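Numbering (my numbering), first residue to last: 463 to 977. From the three backbone atoms N, C-alpha and C, an ideal C-beta is built for every residue, glycine too. All values derive from a computational prediction rather than experimental measurement. A short write-up of the structure that comes next.
Written out as structure tokens, the structure reads:
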């Protein structure tokens, strides 16, 4: 159900009734900003009784959750404004005739996604070739070949997750990571528990499955049988998955195997072949999050009939494609997700497109975003802020009387090694090889999805780029990654109420601390 996300206390206190933004040409005047606005507080509440309500009560009352959202807080207000900025950039890119490559790519991608008439006319035609190919599979080895093909061609993964990431115990090198997966519902408990919410979600999921199979040509009886097959396979996979709590243990999910040894433990799966077909080259070892899960998959490959695996793979194609097909698929997808999330109205098409392009071509649209909405001097200022925080932290470490000198030296070494990723990257990705067709939205989605996957796997054998940002510039978020020892503040979060280039230092340190 929708959740009112109360803004961080300091951020709520800073948030004005009307959000103001500073672009290149409209610096916020200090006279217009109320950094602490009493209208956002609830002064009828005693601070000692409920300080959160005291600090945020007025803001919460004035900001009900919109029907198209599942949560609402100060971060979400900024995300809404950021998506409108992206809409402006994308519509401008779509209208221009004399364009450079990045403007052409994002403009034509946006145009293709906004062409609802063309999308409606195609129905599920874009995935018919995939469904026909799956229908021709004859063995579980064929199933594994198909899964690898789908990954590297932007269709989506199935059964287990595969990707390339820095080795958490040697962050200078990349290593393949193999994780549990293969299920549709967000939590294994939804398959296994019998509480009211889990039962409601399972029933809605069954209805959703039947609807989707019927939209691709199954009669009611076949759709019902296929839905039962999916629930059977995914429930078996869910039983073998670790819980969310178990997954929080970094040591429990770091299990390093030589590729040949992993194959020995799961003999129905030739991992050298799987990795090669998944475009992961030159790997001699892998990190497995849940070895027991892979053993279950290994057993199921031989025990589940191939016909049922074909049904499972059909579903994998349908569900990954649904948001980009005609409205009957999009609406069925939303109706199910409405039960899970509580979102009452579908997100507008323009906003879905803005989010899709930010996720898949984030540096292309991000470069335009920072040129229009972010000052280079603000990046320099934010870098200095983080430098000052590091210096202060270092001074405090040196003064600790309970920490040994040897431990202090290690702590300072790690502190000084933090990679700072502020606002936008020093070097923009160019998305070489990405070609979009203004008249074919679905093909464009597959193209950029395949590019993203193959970009990830192409990093094998290369040194880890500690300057590479994991968030796009317009992102309203920030992070510290303990495995990589890096801190990220995208340009999107560096705006009022969390950051204002024209404000006093105290305001900015407080705002960023709230983030």
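For this session: Tell me whether the beta-carbon of residue 602 lies closer than 8 Å to the beta-carbon of residue 771.
Result: yes
Problem set entry | Distance between residue 538 and residue 682 (C-alpha atoms, nearest Å) | 41 Å
Exercise. Are the beta-carbon atoms belonging to residue 743 and residue 568 less than 8 Å from one another?
Worked result: no
Exercise. Do you know how far the Cα of residue 531 is from the Cα of residue 805?
Worked result: 6 Å
Exercise. For the alpha helix (DSSP H) that residue 798 lies in, which residues bound it at each end?
Worked result: 789-803
Exercise. Does the beta-carbon of residue 658 have 16 or more other beta-carbons within 10 angstroms, so that it is buried, or is it exposed?
Worked result: exposed
Exercise. Which value, in whole angstroms, describes the spacing of the CA atoms of residue 972 and residue 535?
Worked result: 18 Å
Exercise. Under a three-way DSSP split, which group does residue 635 fall into?
Worked result: strand
Exercise. What separation, rounded to the nearest whole angstrom, lies between the Cα atoms of residue 488 and residue 836?
Worked result: Residue placement at residue 488 cannot be trusted, given a pLDDT of 43 that sits under 50; what the coordinates show is reported in the next sentence. Roughly 11 Å between the two C-alpha positions.
Exercise. Per the contact definition of three or more C-beta pairs closer than 8 Å, is the segment 753-770 in contact with the segment 694-703?
Worked result: yes
Problem set entry | Pair within 8 Å by beta-carbon distance, residue 639 and residue 749 | yes
Exercise. What does residue 748 pair with, by DSSP beta-bridge criteria?
Worked result: 719
Problem set entry | Residues near residue 544 in its chain [Cβ-Cβ closer than 7 Å; skip 5 each side] | 936, 938 and 954
For this session: May I have the straight-line CA-CA distance separating residue 817 from residue 540, to the nearest angstrom?
Result: 14 Å
Exercise. Should residue 503 and residue 514 be called a contact, given that it needs their Cβ atoms to be closer than 8 Å?
Worked result: no
For this session: Note down the Cα distance separating residue 811 from residue 726, rounded to an integer number of angstroms.
Result: 48 Å
Exercise. Helix, strand or coil for residue 758 per DSSP?
Worked result: helix
For this session: Have a look at residue 975 and residue 962 and give me their C-alpha separation to the nearest angstrom.
Result: 13 Å
Problem set entry | Cβ-based burial, residue 587 [other Cβ within 10 Å; buried from 16] | exposed
Problem set entry | Residues that residue 950 bridges to, as DSSP identifies them | 883 and 941
Problem set entry | DSSP state of residue 806 mapped onto helix, strand, coil | coil
For this session: State buried or exposed for residue 559, treating a residue as buried only when at least 16 other CB atoms are found within 10 Å of its CB.
Result: exposed
Exercise. Using the rule of at least 16 other Cβ atoms within 10 Å of the residue's Cβ for burial, across every protein chain shown, is residue 508 buried or exposed?
Worked result: exposed
Problem set entry | At least three beta-carbon pairs within less than 8 Å, the segment 601-615 to the segment 940-953 | no
Problem set entry | Spatial distance of residue 409 from residue 856 (CA atoms) | Residue 409 is absent from the structure shown; the chain starts at 463 and stops at 977.
Exercise. Contact between the segment 779-795 and the segment 701-717: three or more CB pairs below 8 Å?
Worked result: no
For this session: Rounded to whole angstroms, what's the CA-CA distance from residue 500 to residue 823? Just pull it up for me.
Result: 41 Å
For this session: Compare the Cα-Cα distances from residue 546 to each of 876, 820 and 846 and report the closest residue.
Result: 820
Exercise. Using CA coordinates, which residue listed in 734, 672, 775 and 666 is at the minimum distance from residue 604?
Worked result: 775
Exercise. Does the distance from the C-beta atom of residue 670 to that of residue 700 stay below 8 Å?
Worked result: no
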